[in-house]
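If you're matching them up, the sequences are chains A and B in order. Residue 89 is where the first sequence starts when you use this note's numbering, and the numbers rise one by one after that. Residue 89 is where the second sequence starts when you use this note's numbering, and the numbers rise one by one after that. Taking it in order: structure first as structure tokens, then the write-up.
Protein chains: 2
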Amino acid sequence: MESVWKKLTEEQNKEVKRQMATYTQGAQEIIPTEELEVKVAKSVMEKKPLKIKLGLDPSAPDVHLGHTVVLNKLRQFQDNGHIIQLLIGDFTGKIGDPTGKSVARKQLTDEEVKHNAKTYFEQFGKVMDMDKVELHFNSKWLSKLNFEDVIQLAGKITVARLMERDDFEERIALGKPISLHEFFYPLMQGYDSVVLESDIELGGTDQHFNILMGRHFQEKFGKEKQVAMLMPLLEGLDGVEKMSKSKKNYIGIDESPQEMYGKAMSIPDELMVKYFELITDLSPEQLTKIKDDLASGELHPRDAKMFLGKTIVRMYHGEEAAEKAEKQFISVFQKGTMPEEIPVVQWEGDAKVPVIDLLVGLKLLNSKSEARRMIENKGVKIDGEKVEDMQHLVTMKKDLIIQVGKRKFLRINI
Amino acid sequence: MESVWKKLTEEQNKEVKRQMATYTQGAQEIIPTEELEVKVAKSVMEKKPLKIKLGLDPSAPDVHLGHTVVLNKLRQFQDNGHIIQLLIGDFTGKIGDPTGKSVARKQLTDEEVKHNAKTYFEQFGKVMDMDKVELHFNSKWLSKLNFEDVIQLAGKITVARLMERDDFEERIALGKPISLHEFFYPLMQGYDSVVLESDIELGGTDQHFNILMGRHFQEKFGKEKQVAMLMPLLEGLDGVEKMSKSKKNYIGIDESPQEMYGKAMSIPDELMVKYFELITDLSPEQLTKIKDDLASGELHPRDAKMFLGKTIVRMYHGEEAAEKAEKQFISVFQKGTMPEEIPVVQWEGDAKVPVIDLLVGLKLLNSKSEARRMIENKGVKIDGEKVEDMQHLVTMKKDLIIQVGKRKFLRINI
């Protein structure tokens, strides 16, 4: 293997170094880095693309910026001509949870799996070139395994090794039951890599154990072992918990430029650099400059964050939308005025409406209790005036402006 | 369930008690006895036979008296009209050991499995009525399971439960690896009972865990649970280790009347009653009488043991052979003379033969070193004269008698 280095031309060697600098940027762990370098070197020398695998849960196709940490990394590989293997774990999705205890693992129909895969594809298209992506469904090979095949597979791993997985270890320590079928999910993920002959598998750090299964089984099946590439988990807008839909601390990649920009501005300062590193398309040089300038005080954190917001909007809505979102933000939040464009709703109801009913009726807030809380927190303005009375009766008229929180505006038309 | 008792006639009730007395005789553990009683009661009332399962390893068809402990128990069920389900575990046999580490679990071909099953059948025929036995091969259903079925099955048991099996627990404690596929052998055995809808599964005490798997899975699949019936393991002629071919402490059910009788006489006195109980066809009343008479001193242990030997020979070779074996034993061992019938071999070799070559050539002993040892131990006689010289040259002639040990005789014909 090592002999590959001797055969590289100086130019090829430079190219390997360049690619490695890109790939290692932001990655939390690469197991092992040396093997990645050898794979890249061989690929450069033989002009043979590497196969980069990403496994996807078929049941959760809502994509937010937390997911783009790995997607951006995949994009980098793609930019260098490597092949992306998207693996939809539909086999497990179709089985569901045989014990019926896990709500998360509900059984999916073929149609749901297809629909979810399509949703992934559409959303991923905002980060990657989907024409150059291979799409795989693991039911294709897993559903063909019979009992004997399964036993052969199970013969290639020990119980002790499986119990090393953090969550298993923890449950054993707590005396919580592990159903035997659960041992098979890491086996499947590993076997998928055997079938796909993946060179690299990407995932969040929470996939550490499962991705190493790929290495284990590839070796047992006499194949070249994949490299595990683990990306950090991105904290959400709260700065504490992993970004997720259920925690409501996310920026969805389908959101409007204004929402995206506004949410980006609410990221805690400490996380800014991490966001730059993990979810933007800036080059290593640009990143270094931002870090240096922030450290030296040459770049104000507020300006850096505005650049972050603008960059995110640019990535998902284009240059023009990014400029506009920035301008709008400056006019509303920095100058204290309203945005230039406010959505208009046609009002067909009563001439006078209790403020709480109005807020819920216009779907500015989800419930009366939310509306009450917002008024209590002085977050509701009618025509620029703070509402302080819960019982306030709003007189409806054309061009009435209703504002909730910092970023939600509506203009009434009658 | 309990209501079955109220519906039984007095006569039926007596019949249940009679059957229960037979079945519980000699059984080490019945889990649970109450369920067995209910099953027997229902069977008597509804005139519906019970299904009694015995699982067999397809790789070891050499049957000795150790095996007949369960076979005799099956015979008792059969005598009362119940159905015996012999289950050949050919699925595991065909798979072998996927890790290749277990020599015992070598992969068998279809032909070997068939041949071994036939051997079982022939040999079991000496204990049971094979016309009334169902023969099943678990590959019939196990080979049809696909990965999804396996996962559904695995979802019905926890890892903790499997790790309770003594040998797993021990290996975990010693840090010895358990390959994941090993967890599937008890699952298969349990699933076999689901398919066969067995009422009772018989086995040695070493099958405790595996047989309870049948109860577990039958319940999970919504079926009536089988009763586990565990028979003691029979110590071999050495009185210490479990009777087995590899330990050479066994009495094979294919052996000659003389061998059987002679070996029976070498059983340690302490084990005699256990042998009577577990491997003979004596009635509970006969057994009680033997125990009582031995305890009171009315029956001499030597006489009891001779009756044991005679009973065993009668069971496998008939009344006449039993009488003859006893007579012969008395004449040789008690009176110190030769048996009445000595096998004759035709001699075609040299007129003078070194004694060691002769013993090995006639297959009286397996090797020259064994022959030397036997001469050293003064166990070789030619025409009644002890051979003491290793180099002794035997002059071959008609009716020359060669004796090795206490029981092997040959008469030369020229």
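Note that the Cβ used here is the ideal one computed from N, Cα and C, for glycine as well. In this text, all values refer to a predicted model and were calculated from it rather than measured experimentally.
| Which whole-angstrom value is the C-beta distance of M276/A and N226/A, which I expect to be below 8 Å? | Counting from 1 along the first sequence, the entry for residue 276/A is found at position 188. Counting from 1 along the first sequence, the entry for residue 226/A is found at position 138. Indeed they touch by this definition, with Cβ atoms about 7 Å apart.
| said: For the region 207-234 of chain B, list every residue whose C-beta sits within 9 Å of some C-beta in chain A, in sequence order. | reply: L230, S231, K232, L233 and N234
| message | Pop quiz: F256/A and Y279/A are said to be a contact at Cβ under 8 Å. What is the actual Cβ separation, rounded to whole angstroms? | response | In the first sequence, counting from the first residue as 1, residue 256/A sits at position 168. In the first sequence, counting from the first residue as 1, residue 279/A sits at position 191. About 19 Å separates the two Cβ atoms, so there is no contact after all.
| request: Measure how close the beta-carbons of K141/A and L366/A come, nearest whole angstrom, since I'm counting them as under 8 Å. | output: On the first sequence, position 53 is the one that residue 141/A refers to. On the first sequence, position 278 is the one that residue 366/A refers to. About 20 Å; that fails the 8 Å criterion.
| query | Quick one: what's got a C-beta closer than 6 Å to P345/B's C-beta in the same chain, skipping five residues either side? | reply | What you label residue 345/B is simply residue 257 of the second sequence in a count that begins at 1. Contacts found: V401, H405, A409 and A413.
| field | Cβ-based neighbour list, L446/B, same chain, cut-off 6 Å, excluding 5 preceding and 5 following | value | The residue given as residue 446/B occupies position 358 in the second sequence. Cβ within range, chain order: V482.
| request: Measure from the C-beta of F271/B to each C-beta in chain A and report whether the shortest distance is under 8 Å. | output: Within the second sequence, the letter at position 183 stands for residue 271/B. Yes, because at least one Cβ of chain A sits closer than 8 Å to the Cβ of F271/B.
| query | Listing by chain order, which chain B residues have their CB less than 7 Å from the CB of L290/A? | reply | For the purposes of this step, residue 290/A is taken as the residue at position 202 of the first sequence. By Cβ distance, chain B contributes nothing, its closest Cβ being about 25 Å from L290/A, past 7 Å.
| request: Determine which residues share a DSSP beta bridge with E289/B and list them. | output: Here the question's residue 289/B lines up with position 201 in the second sequence. BP columns for E289/B point to K141/B and A316/B.
| Within the chosen definition, does the region 347-363 of chain A reach the region 167-178 of chain A through at least 3 CB pairs nearer than 8 Å? | no
| request: May I ask you to report which of helix, strand or coil DSSP gives V157/A? | output: Counting from 1 along the first sequence, the entry for residue 157/A is found at position 69. Helix at V157/A.
| Going by alpha carbons, who is nearest to G437/A out of M484/A, K474/A and F395/A? | Numbered from 1 along the first sequence, position 349 holds the residue referred to as residue 437/A. Cα-wise, what sits closest to G437/A is M484/A.
| query | To which residues of the same chain is M331/A closer than 7 Å at the C-beta, ignoring the five residues directly before and after it? | reply | Start at 1 with the first residue of the first sequence, and residue 331/A comes out as number 243. So the qualifying residues of the chain are H152, L153, G154, L322, E323, G324, N337 and Y338.
| request: Please classify K107/A: is it buried, with 16 or more other beta-carbons within 10 angstroms of its beta-carbon, or exposed? | output: On the first sequence, position 19 is the one that residue 107/A refers to. One point to set straight first is that residue 107/A is Gln, not Lys, in the sequence displayed. Q107/A comes out buried.
| task | Output the residue ranges of the beta strand (DSSP E) runs that lie fully inside the region 201-266 of chain A and measure 3 residues or longer, sorted by chain position. | result | 221-225
| query | Under a CB-based cut-off of 8 Å, is A242/A close to chain B? | reply | One-based indexing of the first sequence puts residue 242/A at position 154. So, interface residue.
| Since V132/A contacts E103/A with CB under 8 Å, what's their CB separation in whole angstroms? | On the first sequence, residue 132/A is found 44 positions in, with the first residue counted as 1. On the first sequence, residue 103/A is found 15 positions in, with the first residue counted as 1. Yes, V132/A and E103/A are in contact; Cβ-Cβ is about 5 Å, under 8 Å.
| query | I think E329/A touches K335/A, with their Cβ atoms under 8 Å apart; what is that distance to the nearest whole Å? | reply | Here residue 329/A is taken as the residue at index 241 of the first sequence, counted from 1. Here residue 335/A is taken as the residue at index 247 of the first sequence, counted from 1. With a Cβ gap of about 5 Å, E329/A and K335/A count as contacting.
| request: Have a look at G310/A, R495/A, E258/A and K161/A and flag the residue whose alpha-carbon is nearest the alpha-carbon of S281/A. | output: Counting from 1 along the first sequence, the entry for residue 281/A is found at position 193. For the residues G310/A, R495/A, E258/A and K161/A, the minimum Cα distance to S281/A belongs to G310/A.
| task | Anything in the region 236-265 of chain B with a Cβ closer than 7 Å to a Cβ of chain A? List those residues in chain order, please. | result | E236, V238, I239, Q240, A242, G243, I245, T246, V247, A248, L250 and P265
| If we ignore side chains and look at the alpha-carbon of each, how far apart do G350/B and A109/B end up? | Here residue 350/B refers to the residue found at position 262 of the second sequence. Here residue 109/B refers to the residue found at position 21 of the second sequence. Cα-Cα distance, rounded: 32 Å.
| query | Along the chain, where does the alpha helix (DSSP H) that runs through P274/A open and close? | reply | Working through the first sequence from its first residue, we reach residue 274/A at position 186. Segment F272 to L284, the alpha helix (DSSP H) holding P274/A.
| said: Judging by CA-CA distance, which residue of L96/A, L396/A and T180/A is the nearest neighbour of D198/A? | reply: Against the first sequence, residue 198/A aligns to sequence position 110. Measuring from the Cα of D198/A, the nearest candidate turns out to be T180/A.
| said: Under 8 Å, with one C-beta from each stretch per pair, do the region 229-244 of chain B and the region 230-244 of chain A reach the 3-pair mark? | reply: yes
| message | Buried or exposed, going by whether 16 or more other CB atoms sit within 10 Å of the CB of E386/A? | response | In the first sequence, counting from the first residue as 1, residue 386/A sits at position 298. Result: exposed.
| For the 8 Å Cβ check, are there 3 or more pairs between the region 284-304 of chain B and the region 201-209 of chain B? | no
| Considering only C-alpha positions, which residue in the set Q116/B, K469/B, M319/B and I239/B is nearest to Q491/B? | For the purposes of this step, residue 491/B is taken as residue 403 along the second sequence, with counting starting at 1. Measuring from the Cα of Q491/B, the nearest candidate turns out to be K469/B.
| request: For I418/B, count neighbouring Cβ atoms within 10 angstroms of its own Cβ and tell me buried if that reaches 16, exposed if not. | output: Walking along the second sequence from the start, residue 418/B turns up at place 330. I418/B comes out exposed.
| query | Quick one: is A383/B buried, meaning 16 or more other Cβ sit within 10 Å of its Cβ, or exposed? | reply | To locate residue 383/B, count along the second sequence from 1; it is residue 295. It counts as exposed.
| Which bits of chain B does P186/A rub up against, with CB to CB less than 7 Å? | As a working note, residue 186/A is residue 98 in the first sequence. Neighbours of P186/A on chain B, chain order: I239, Q240 and G243.
| said: One question on the structure: do K161/A and L290/A come within less than 8 Å of each other, judged by their Cβ atoms? | reply: Here the question's residue 161/A lines up with position 73 in the first sequence. Here the question's residue 290/A lines up with position 202 in the first sequence. Yes.
| query | If you draw a straight line from the C-alpha of P265/B to the C-alpha of A242/B, how long is it? | reply | Counting from 1 along the second sequence, the entry for residue 265/B is found at position 177. Counting from 1 along the second sequence, the entry for residue 242/B is found at position 154. Whole-angstrom Cα-Cα distance: 20 Å.
| query | Along the region 272-284 of chain B, what residues have a CB closer than 9 Å to any CB found in chain A? | reply | F272, L275 and M276
| request: Measure the alpha-carbon distance for H224/B versus I176/B and round it to whole angstroms. | output: Your numbering for residue 224/B matches position 136 in the second sequence. Your numbering for residue 176/B matches position 88 in the second sequence. If I take the Cα positions, the gap works out to 6 Å.
| task | Measure the alpha-carbon distance for L96/A versus E125/A and round it to whole angstroms. | result | The residue given as residue 96/A occupies position 8 in the first sequence. The residue given as residue 125/A occupies position 37 in the first sequence. Their backbone Cα atoms lie some 13 Å apart in a straight line.
| request: Compare the C-alpha of T399/A against each of D219/A, F364/A and G493/A and name the closest. | output: Position 311 of the first sequence, counted from the start, is the residue given in the question as residue 399/A. Out of D219/A, F364/A and G493/A, F364/A has the C-alpha closest to the C-alpha of T399/A.
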